[in-house]
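Visitor:
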Amino acid sequence: MTASRLLRYCPDLYHYQRRETRLVTVGNVGIGGGNPIRVQSMLTSDTRDAEACIQQALELAAVGCEIVRVTAQTRVIAENLQHIRDGLRAAGCDVPLVADIHFKPDAAMEAVKWVEKVRVNPGNYADKKKFAVKEYTDDQYAEEVAYMEAQFVPLVQECKKLGRAMRIGTNHGSLSDRIMNRHGDTPHGMVESALEFARIARANDFHNFLFSMKASNPKVMIEAYRLLVAHLNDLGSDWNYPIHLGVTEAGDGEDGRIKSAIGIGSLMSDGIGDTIRVSLTEDAIHEIPVAQALVKSVVEGVRTGHCGSTSSSLPISYDPFTYSRRATDRLSVLGVDVGGGATVAVFTSRRKWDAVAHKLDKLGDFKPEVVVEDSGVIALDPREDSALHDVNASIEAKLVTVADGLDLAPIHAFRLLAAKLDARHSILLKDTLLGEAAAGGESDFTTNLLTAATNIGSLLCDGIGDAILVNGEEAPGQSLRLSYNILQAAGVRIFKTDYVACPSCGRTLFNLQSTTQKIRASTGHLKGVRIAVMGCIVNGPGEMADADFGYVGGAPGKINLYVGKTAVKFNIPEEEAVERLVDLIKEHGRWFEAPVAA
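If you read the sequence shown in the numbering used here, its first letter stands for residue 2, the second for the next number, and so on.
1) If Arg49 sits next to Arg120, beta carbons under 8 angstroms apart, how far is it from one beta carbon to the other, in whole angstroms?
2) Touch check for the stretch 477-484 and the stretch 319-339: three-plus C-beta pairs under 8 angstroms?
3) Starting from the C-beta of Val279, find all residues in its chain whose C-beta is less than 6 angstroms away, skip the five residues before and the five after it, and write them out in chain order.
4) Please state the DSSP three-state secondary structure of Pro106.
5) Could you check the C-alpha separation between Ala491 and Leu14 for me, to the nearest Å?
6) Mind checking which residues open and close the alpha helix (DSSP H) that includes Gln41?
7) For Ser238 and Thr22, I'd like the C-alpha separation in whole angstroms.
8) Going by beta carbon distance, what residues of the same chain come within less than 8 angstroms of Ala388, once the five residues before and after it are set aside?
9) With distance defined between alpha-carbon atoms, name the residue in Ile201, Glu117, Asn572, Asp139 nearest to Gly555.
10) What residue from Gln518, Pro219, Leu513, Thr567 has the CA that sits closest to Pro557's CA?
11) Per DSSP, which residues does Arg168 bridge with? Please list them.
12) Let me know the secondary structure DSSP gives Trp592 once reduced to three states.
13) Would Tyr226 and Leu268 qualify as a contact pair, given that the criterion is a beta-carbon distance under 8 angstroms?
14) Apart from the five residues just before and just after Leu61, which ones in its own chain have a Cβ nearer than 7 angstroms to its Cβ?
15) Would Thr567 be called buried (16 or more neighbouring beta carbons within 10 Å of its own) or exposed?
16) Checking the sheet assignment: what are the DSSP bridge partners for Gly72?
17) CB-CB under 6 angstroms to Phe198, same chain, minus the five flanking residues each way: which ones, in chain order?
18) Name the one or two DSSP bridge partners that Arg600 has.
19) How big is the Cα-Cα spacing for Gly33 and Asp445?
20) For Asn81, I'd like the list of residues in its chain whose CB is within less than 7 angstroms of its CB, leaving aside the five on either flank, ordered along the chain.
21) Is DSSP giving Lys566 helix, strand or coil here?
22) Considering only the alpha carbon of each residue, which of Ala476, Leu59, Met167 lies closest to Ala202?
23) Measuring alpha carbon to alpha carbon, tell me which residue in Ala216, Arg384, Val347, Lys353 is nearest Glu370.
24) From what residue to what residue does the alpha helix (DSSP H) around Tyr142 run?
25) Which first and last residues belong to the beta strand (DSSP E) in which Val339 is found?
26) Assess, as a yes-or-no matter, whether the stretch 231-246 is touched by the stretch 424-438 under the definition of 3 or more beta carbon pairs within less than 8 angstroms.
27) Indicate the three-state DSSP secondary structure (helix, strand or coil) for Asn29 in the structure shown.
28) Between the alpha carbons of Pro603 and Leu156, how many angstroms are there, rounded?
29) Expressed to the nearest angstrom, what Euclidean distance is found between the alpha-carbon atoms of Thr26 and Asn209?
30) Of all the beta strand (DSSP E) runs that stay within the bounds of the stretch 422-490, which reach a length of 3 or more residues?
31) Given a cut-off of 8 angstroms, decide if Leu44 and Ala58 are closer than it, judged by their beta-carbon atoms.
32) Just to check my reading of the structure: Tyr17 and Val303 have Cβ atoms closer than 8 angstroms, yes? What is that Cβ distance to the nearest angstrom?
33) Given a cut-off of 8 angstroms on the beta-carbon distance, is the pair Leu435 and Asn472 in contact?
34) If we count the other Cβ atoms within 10 Å of its Cβ and call it buried at 16 or more, is Asp391 buried or exposed?
35) For Leu335, count neighbouring Cβ atoms within 10 angstroms of its own Cβ and tell me buried if that reaches 16, exposed if not.
36) Can you name, in chain order, every residue of its own chain whose Cβ lies under 7 angstroms from the Cβ of Val30, other than the five neighbours on each side?
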């Protein structure tokens with residue numbers, strides 16, 4: 002990979018610089034164009050229940066939600082958006098409404114009359130999604146593109162006429178068969194799907210739109226957004242449209258927050274992103290403080306210092322468009338393998354080790370592996386070439402980290418270290434450069450979680466890092482749990498059951514929160530098994546491509562069960578579905594009984 006290709010995405014890997022975009026207006030809210038990063042959420046109430054939607058939107062606005070999205074499944078349902086909008090305005094609330102559209106162009110044409118913005122999914126707005134495999138001739142491909150354009154142009158023209166905004170929102174789980182067969186289930190396919198719609202919008206002189214590239218896998222999501230920005234930069238300065246960030250189907254609890262912070266925080270740290278949504282399988286009101294804290298944590302954290310280098314002056318240590326772990330020699334650190342393809346190790350401080358030493362056998366999967374003070378790690382300032390020269394001159398491979406107390410943002414500092422350090426040397430990542438004594442206890446657990454997940458998770462997704470140390474969280478047990486959960490969310494160390502769970506919305510056909518918890522209670526001991534819990538079929542089958550098993554709402558009170566992205570059990574009564582899911586896991590040889598607690 003050449004430096005010029007990398008610079009298409011980010012002009013300076015070692016210093017924060019927010020991407021400049023044109024302004025997109027959504028009602029009275031400006032996105033991009035120098036505006037703050039906006040925070041938004043989505044209603045979980047049924048769109049047909051105007052009073053419930055109005056109440057929930059008011060509650061969201063009261064806690065700082067700046068844009069509210071609501072699903073519009075059909076044209077008839079979209080008609081009720083008028084009553085929701087009118088009720089909000091009568092209550093003195095001017096928060097903009099966004100209609101979420103899948104499958105139904107006629108629903109979009111109705112919704113655009115009543116809302117300030119329409120979100121369309123290029124994968125299913127007019128294209129088919131049947132997981133069909135076929136070879137498209139150029140003529141067949143062009144024919145489907147022409148059909149899609151004919152369906153889409155009326156909405157573009159109506160948005161332009163009424164002064165509405167649009168989000169062209171690609172989802173990894175719902176790429177069309179046409180895109181899948183020509184470009185693959187890849188970040189490149191996601192980008193091309195969105196650009197097709199953008200080219201049509203521009204051909205009709207409509208520019209009040211922005212993009213999103215969502216996926217449930219943070220690595221895929223990060224790569225897709227980076228590739229999109231690189232393509233936009235290649236296309237010219239007038240393609241500087243704003244970006245909406247989100248990890249779809251992130252889940253709930255700590256896992257959902259960590260996965261969102263890795264994906265969203267990584268991109269914001271590179272200056273990408275003008276509006277965000279943290280998608281949690283919880284009440285929507287809980288998404289807002291997390292999103293606000295994430296924006297604050299990242300924006301304040303990345304403004305620290307300057308590494309004194311530019312991307313063009315250094316060798317490139319990673320490819321931002323394709324994940325590949327940095328190659329190093331393997332070391333043995335106090336009996337633990339580090340680097341050389343070994344599992345990423347979990348370090349802790351002497352103080353924290355001593356605090357849990359008496360109960361190591363009770364820590365389960367969250368055991369500390371190495372005490373950092375005993376590890377022999379070399380801590381240095383990556384800006385000091387003499388110190389780096391000494392390490393690189395060593396015959397033996399070393400474990401190296403960035404020294405505490407430096408006026409540098411962790412992501413940029415560790416990138417600089419990786420760029421200057423010979424590849425054979427391993428790197429110990431840290432969430433902060435404040436040191437444990439200074440970092441611990443300064444902020445609440447959510448802030449510590451978001452900071453650690455952003456800084457460590459981002460670097461892991463770049464392929465940098467052979468061991469990690471969480472300093473920012475003072476509590477020993479929580480610090481260790483956070484370390485392992487970051488490794489799991491980044492996909493570099495799988496130690497427990499992995500869940501992909503979508504947030505609730507008006508399309509959801511069962512109670513996602515209680516069902517997800519019920520499934521966790523039955524399957525949480527299945528290490529290495531990935532289970533998807535989806536409220537409807539919009540993105541379910543596609544987002545489950547990486548999952549082993551899926552639990553998807555097929556109709557009210559009825560559940561379909563999947564193996565991979567193939568439905569194998571249909572219309573199971575909801576009250577039986579979790580038990581039938583367990584049976585399905587057993588049928589495929591992935592079940593084992595939970596260990597008996599001592």
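For every residue, glycine included, the Cβ atom is placed at its ideal position computed from N, Cα and C. What you are looking at is a predicted structure, and each value in this text was computed from that prediction instead of being measured.
Guide: In brief:
1) Between Arg120 and Arg49 the Cβ distance is about 19 angstroms, and since that is not below 8 angstroms, they are no contact.
2) In short, these stretches do not touch, since the Cβ pair count stays below three.
3) For Val279, where only same-chain residues beyond five positions count, the Cβ hits under 6 angstroms are Ser261, Glu288, Val291, Ala292.
4) helix
5) If you take the alpha carbons of Ala491 and Leu14, they lie about 20 angstroms apart.
6) Per DSSP, Gln41 belongs to no alpha helix (DSSP H); it is in the beta strand (DSSP E), 39-43.
7) 9 angstroms
8) Leu381, Asp382
9) Asn572
10) Leu513
11) Arg120, Leu211
12) coil
13) yes
14) Leaving aside the five residues that flank Leu61 on each side, the residues in its chain whose CB is nearer than 7 angstroms to its CB run, in chain order, Ser42, Val69, Ala285, Ile286, Ile289.
15) exposed
16) In the sequence on display, residue 72 carries Thr and not Gly. Answer by DSSP bridge pairing, in chain order: Asp101.
17) Pro123, Ile169
18) What is shown of the chain runs 2 to 599, which leaves residue 600 out entirely.
19) 30 angstroms
20) Thr48, Arg49, Ala51
21) coil
22) Met167
23) Of the candidates Ala216, Arg384, Val347, Lys353, Val347 places its Cα closest to the Cα of Glu370.
24) 139-163
25) 337-339
26) no
27) Asn29: coil per DSSP, three-state reduction.
28) Residue 603 lies beyond the stretch modelled for the chain, which goes from 2 to 599, so this question has no answer here.
29) 7 angstroms
30) 427-431, 468-470
31) Yes, the Cβ-Cβ distance between Ala58 and Leu44 is below 8 angstroms.
32) 4 angstroms
33) yes
34) exposed
35) exposed
36) Arg39, Glu67, Ile68, Pro97
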